[in-house]
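According to our numbering, the sequence shown is numbered sequentially starting from 143.
We put the CB at the ideal spot given by N, CA and C, even for glycine.
Source: prediction; values computed, not measured.
The next block holds one structure in the form of structure tokens; read it before the comments.
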Amino acid sequence: MTTTPAGKPTASATASSTPSAPGPDASGPGTPAAYTSPLPTPRPHLGHALASEWTKLTSVRSTLWTLGSLVSLVVGVGMLAVLQTASRDYESLPYTAPALFGLMVGQIAVIVLGVLTITSEYGTGLIRTTFTAAPDRLRVLTAKYLVFGTVAFATTTCSVGFVGLWAAILHNGPAAGPHGLTEWAGALAGCFYVTLLGLLALAVGALVRHSAGAIAVMLGVVTMPPVLGAILTVWPVTNGLALLVLRYNAPVGLFQLFGMQDSGVGGASMPSDLAQVTLLLLVTAGAIAASYAVVRRRDV
Numbered sequence: 143m144t145t146t147p148a149g150k151p152t153a154s155a156t157a158s159s160t161p162s163a164p165g166p167d168a169s170g171p172g173t174p175a176a177y178t179s180p181l182p183t184p185r186p187h188l189g190h191a192l193a194s195e196w197t198k199l200t201s202v203r204s205t206l207w208t209l210g211s212l213v214s215l216v217v218g219v220g221m222l223a224v225l226q227t228a229s230r231d232y233e234s235l236p237y238t239a240p241a242l243f244g245l246m247v248g249q250i251a252v253i254v255l256g257v258l259t260i261t262s263e264y265g266t267g268l269i270r271t272t273f274t275a276a277p278d279r280l281r282v283l284t285a286k287y288l289v290f291g292t293v294a295f296a297t298t299t300c301s302v303g304f305v306g307l308w309a310a311i312l313h314n315g316p317a318a319g320p321h322g323l324t325e326w327a328g329a330l331a332g333c334f335y336v337t338l339l340g341l342l343a344l345a346v347g348a349l350v351r352h353s354a355g356a357i358a359v360m361l362g363v364v365t366m367p368p369v370l371g372a373i374l375t376v377w378p379v380t381n382g383l384a385l386l387v388l389r390y391n392a393p394v395g396l397f398q399l400f401g402m403q404d405s406g407v408g409g410a411s412m413p414s415d416l417a418q419v420t421l422l423l424l425v426t427a428g429a430i431a432a433s434y435a436v437v438r439r440r441d442v
């Protein structure tokens, strides 16, 4: 060991005398063992994504307000309509017809909730946390569609069914005429039709990523075709297109499924119930496919 004139050891000597710390590959009594989590760590699957989306949907106030307004409109307006009718009024109408009055407005609540199911996460930035915790974006989007679709369909069906039962109990006299399961099947198809509109709104929200913009698009899709069709009837050259638009649109389809639209438009017969549902189903499927393609490739 070298020393300075003052008798103090040099820096090199001090460094050489200091014991070196064990490296990461060193083995010995002081080497820590590998960490093993005491908690189970299963591979993530669709069930985990469904639980997460269910927690999100049920923990925000927008769900309570939108679905609450849907139930209030369908049940409240429907019960008032039933009280204003008599048994003979149902000779040509199904018992579920009064529920349609509130559902025509209540479907807007389903559309708004469908949009907010995904755009609220983009607005707050929570979507980054979601995709960080669950990198499989398609699984997350599938969970959103399944959870929202189930909740929207169940809420709409229960509301319409309550009004239908209310009408059947109050006006089941002989003057009401015979009623079968066909009208209930039509009402169930109408609830599915409204659910498809909500799923379409969710897909548009995934494409637009902006709440106000997606809601404006969906309001245009629902409310503009009847107005546009009426405008197009002014010119003879667009009369054929006008009749097509007036026969195939969301309000007319909903009226028809609930048994309220039997006559034709402009001399043309109305399409079948299956054709109305199939058209919206194809449009919704196309929008959902586009949302999968965009969400998978686009940066958040």
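Contiguous beta strand (DSSP E) assignments of at least 3 residues, all confined to the segment 254 to 316: none
Cβ-heavy atom distance, G322 to the ligand FAD, below 7 Å: This structure lacks the ligand FAD; in fact it carries no ligand of any kind.
Supposed contact pair V350 and V359 - C-beta distance, whole angstroms, cut 8 Å: Sequence index remark: in the sequence shown, residue 359 carries index 217 (1-based). Sequence index remark: in the sequence shown, residue 350 carries index 208 (1-based). Contact flag correct, Cβ pair sits at about 7 Å.
Candidates A228, S234, A241: closest to V216 by CA position: Working through the sequence shown from its first residue, we reach residue 216 at position 74. Among A228, S234, A241, the Cα nearest to that of V216 belongs to A241.
Through-space distance from L388 to T375, alpha-carbon basis: Here residue 375 corresponds to residue number 233 of the sequence shown, with the count starting at 1. Here residue 388 corresponds to residue number 246 of the sequence shown, with the count starting at 1. Approximately 10 Å, taken between the alpha carbons.
Residue interval of the alpha helix (DSSP H) (run including N391): Translated into the one-based positions of the sequence shown, residue 391 becomes position 249. Per DSSP, N391 belongs to no alpha helix (DSSP H) and is neither H nor E.
Cβ neighbours of V437 in the same chain (closer than 6 Å, five flanking residues each side left out): Your numbering for residue 437 matches position 295 in the sequence shown. Within the same chain, V437 has close Cβ partners R279, L283, A348.
Reduced DSSP category for R230 - H, G, I as helix; E, B as strand; rest coil: Numbered from its first residue, the sequence shown carries residue 230 at position 88. In the structure shown, R230 sits in a helix (DSSP, three-state: H, G or I).
Sequence ranges, alpha helix (DSSP H) only - wholly within the segment 314 to 399, length at least 4: Those alpha helix (DSSP H) runs which fall completely within the segment 314 to 399 and span 4+ residues are 323 to 350, 353 to 374, 381 to 389, 392 to 399.
Cβ-based burial, A193 [other Cβ within 10 Å; buried from 16]: If you number the sequence shown from 1, residue 193 lands on position 51. With fewer than 16 Cβ atoms within 10 Å of its Cβ, A193 is classed as exposed.
Exposure label - T337; buried when at least 16 CB within 10 Å: Counting from one through the sequence shown, the residue named residue 337 turns up at place 195. Per the 10 Å Cβ criterion, buried.
Selected residue, minimal CA-CA separation from E322, among T238, G189, L422: Along the sequence shown, one-based indexing puts residue 322 at 180. What sits at residue 322 in the sequence shown is Gly, not Glu. Answer by Cα proximity: T238.
CA-to-CA distance, L258 to G248, given in whole angstroms: What you label residue 248 is simply residue 106 of the sequence shown in a count that begins at 1. What you label residue 258 is simply residue 116 of the sequence shown in a count that begins at 1. Taking the straight line from one Cα to the other gives about 16 Å.
Exposed unless 16 or more other CB atoms sit within 10 angstroms - verdict on C333: Here the question's residue 333 lines up with position 191 in the sequence shown. It is buried - the Cβ of C333 has at least 16 other Cβ atoms within 10 Å.
Through-space distance from A317 to V305, alpha-carbon basis: Here the question's residue 305 lines up with position 163 in the sequence shown. Here the question's residue 317 lines up with position 175 in the sequence shown. For V305 and A317, the distance between alpha carbons rounds to 19 Å.
Counted within 10 angstroms of its Cβ, other Cβ atoms place E233 as buried (16 or more) or exposed: Residue mapping note: residue 233 aligns to position 91 of the sequence shown, counting from 1. The residue in question, E233, is exposed, as its Cβ has fewer than 16 Cβ neighbours within 10 Å.
Presumed contact (8 Å Cβ cut-off) between A296 and V419, rounded CB distance: Against the sequence shown, residue 296 aligns to sequence position 154. Against the sequence shown, residue 419 aligns to sequence position 277. Not really, about 19 Å apart at Cβ, beyond 8 Å.
Distance, G315 Cα to T227 Cα: In the sequence shown, residue 227 corresponds to position 85, counting from 1. In the sequence shown, residue 315 corresponds to position 173, counting from 1. For T227 and G315, the distance between alpha carbons rounds to 13 Å.
Among V254, S211, F397, V364, nearest to F290 - alpha-carbon criterion: Counted from its first residue, the sequence shown places residue 290 at position 148. Answer by Cα proximity: V254.
8 Å Cβ cutoff met for T261 and H190: Within the sequence shown, numbered from 1, the residue matching residue 261 stands at position 119. Within the sequence shown, numbered from 1, the residue matching residue 190 stands at position 48. Cβ atoms of T261 and H190: not closer than 8 Å.
Three-state class that DSSP yields for Y237 in the structure shown: Your numbering for residue 237 matches position 95 in the sequence shown. Of the three classes helix, strand and coil, the one that applies to Y237 here is coil, per DSSP.
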